[in-house]
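First up is the structure itself, then whatever we jot down about it.
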Amino acid sequence: MKRANRCRDAGDWSWRDDYQVALAVASLLEGAGANVVGPVGWAEEALSLVEDASAQIDAAILDVDLHGQKSYAVAAALARRKNQLAPDLLSRVR
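See the structure below:
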């Protein structure tokens, strides 16, 4: 049960172009208490969600191929976002 509690406040994202698989993954995450945004099937849409500063993103599930487009730019944006947030989080811990 502790795992479900950890997921409760997490903003988890699921991006898949296979909609049925994406819905199943989202359902499993929600069952564990996560707040799921998505699924999103297009790289441009996923990128705009990642770049939304108000969005809480704690985890992401990416399909490498989204309707023929690679999701590498989305992964890079998630990494940049993590690096931007990390110093702020570290300053609060100290």
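So in the numbering used here, spot 9 of the sequence shown is number 9, and the numbers just go up one at a time.
Just so you know, even glycine gets a beta-carbon here, dropped at the ideal spot from N, CA and C.
Straight-line spacing of the CA atoms in A34 and Y72 works out to 24 angstroms.
In this structure, the beta-carbon distance from I57 to V50 falls below 8 angstroms.
Apart from the 5 residues on each side of it in sequence, A75 sits with its Cβ closer than 7 angstroms to the Cβ of L62 in its chain, given in chain order. In this structure, V40 sits near A46, with a CB-CB distance shorter than 8 angstroms. Under the three-state reduction of DSSP, V40 is assigned to coil, being neither helix nor strand. The Cβ neighbour count for A43, taken over all protein chains shown within 10 Å, is at least 16; the residue is labelled buried. A direct Cα-Cα distance of roughly 8 angstroms separates G38 from A26. For A26, the uninterrupted alpha helix (DSSP H) segment begins and ends at 19-31. Shown here, A73 sits in a helix according to DSSP, grouped into three states.
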